[in-house]
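Contents: one structure, followed by commentary.
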Amino acid sequence: MSDKQVRAQYTREFKLEAVRQVRAGQAIAVVAKVLGIPKASLGNWVRLSSKGELNDVGSADKATKVSPEQMEIARLRAENARLRMERDIAKKAGGVLRAGHAARYAWIDQMKYRYPVSVSCGVLEVSASGYFNWLRRREDGHGRSGPGRLYSDEALLAHIRAIHAEVKGEYGWPRMHKELVARGIRVGKDRVRKLMQQHGIKAKTKRKFVVTTDSRHSLPVAPDLVQRRFNPEAPNQLWSGDITYIQTDEGWLYLAAVIDLFSRQVVGWSLQSHMQASLVKDALTMALWRRRPPPGLIFHSDRGSQYCSHEVQGALKDWGMRSSMSRKGNCWDNAPTESFWGRLKTASVHGCKFATREQAGQAVMDWMAFYNHRRLHSSLGYLSPMQYEQRWYEAQRKKAA
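Mapped onto my numbering, the consecutive letters of the sequence shown carry residue numbers 336 to 736.
Okay, here's the thing in structure tokens:
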């Protein structure tokens, strides 16, 4: 027997399955990545299939030849990629599972260029045929009388419900309208407002602020350098910080966050089972290493003992940062951070029961990722913190060119 490597080929069934996924509406690049095959080979299979000439085992399709070991590696790679994709879909679309089928179809449609329709349908427990029937009904309902009539009320409502579930009820009609437009859905503000009002879809309301700061200590207090001027002209000029807590069956989970007030982006955080000074220092350390700010940055906080501690004040001094503190008992002196806590707890904490600190921490980190990358802010021109900052840096590069 020859000692040359024995070579095998993808079976015809494997090729047909890959082609079927492409014809189901998936991009060739997406299917190729999931199945672990070259895009060129998949494109060739699609062309041959359309002519009824898709090759079987033993054909001359040399581009698809692999060893048995490589075939197994490709299969495992595809299986792992699919599992990761299913996990990501479940995490991003968790709220949509509690909505109706139309909202799930709308979410699948919005994400079809990121995730294969067949995979999304499986995770969201709907059939692919149901999705395509919904898609046809939506297209049949299209009007051509002007902007905002590209979707029937039923189709538009499905998109609204999907977004509402995705953002965990955070958006009222103004933000919902901006989100729809950002996703390429042409619709007027009044139509969005009326549909949401008619169907009882509204933003969750934030609860009343509760004071958590313990300022009963004899440590030195820094002056208020900010005086409620919360709009710096560039990133890394003014940061703010605060601590909040989340109840779990294991006990309290404490979160310290650092926010760049230029873009309202969370630049550092720490989650611990205690509320000692190291909680704050860890959050600041993350922000420092992520942002590398120039000397002179102002860090604004309340008068809590953690922020006044020698550990935190010494670190700020070593890092070239200036400490600023709000007046005693006045939450409005740190309003942006208090507002951030309200949004976080409304979206991911209130109404939820966490068995473990780890479970609560994961919910918080998921929401902070959404907040930084995707949540639209009216004060930022309905951009996310990341988008707002990226546009600022792009503008600076153009000025310097």
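Even for Gly, the Cβ is constructed at its ideal location relative to N, Cα and C.
Checklist entry - Count the other CB atoms within 10 Å of the CB of W574; is the residue buried (16 or more) or exposed (fewer)? => result buried
Item to check | Cβ pair count under 8 Å reaching 3, the stretch 688-699 against the stretch 518-535 | outcome: no
Checklist entry - Taking C-alpha atoms, which residue in K616, P570 and Q572 lies nearest to A591? => result K616
Checklist entry - Mapping DSSP to helix, strand and coil, what is H635? => result strand
Checklist entry - Looking at the structure shown, is D559 part of a helix, part of a strand, or coil, going by DSSP? => result coil
Item to check | Test item: CB-CB of A438 and A500 under 9 Å | outcome: yes
Next on the checklist: Among W508, A367 and L530, whose alpha-carbon lies nearest the alpha-carbon of S713?
Outcome noted: W508
Next on the checklist: Output needed for P567: all residues of its chain with C-beta closer than 7 Å, excluding positions within five of it in sequence on either side, in chain order.
Outcome noted: Within the same chain, P567 has close Cβ partners L573, L596 and F597.
Item to check | Proximity below 9 Å, CB of N707 to CB of Q600 | outcome: yes
Item to check | Local conformation of R484 per DSSP, three classes | outcome: Its pLDDT being 44, under 50, R484 is placed unreliably by the model, and nothing is read from it.
Item to check | CB of T579 within 9 Å of CB of L679, strictly | outcome: yes
Next on the checklist: Give me the residue from R496, V602 and E514 with the minimum Cα distance to P628.
Outcome noted: V602
Next on the checklist: Using the three-state DSSP reduction, which class does Q607 fall into: helix, strand or coil?
Outcome noted: strand
Checklist entry - Which runs of the beta strand (DSSP E), 3 residues or longer, sit entirely within the stretch 576-602? => result Counting only runs of 3 or more, we get 586-595.
Item to check | Per-residue DSSP class, three states only, for R709 | outcome: Coil.
Checklist entry - Which whole-angstrom value describes the C-beta separation of L383 and K513, a residue pair presumed to lie in contact below a C-beta threshold of 8 Å? => result Going by Cβ atoms, the distance from L383 to K513 rounds to 45 Å, so no, they are not a contact pair.
Checklist entry - Starting from S376 and walking both ways along the alpha helix (DSSP H), at which residues does that stretch end? => result K374 to S385
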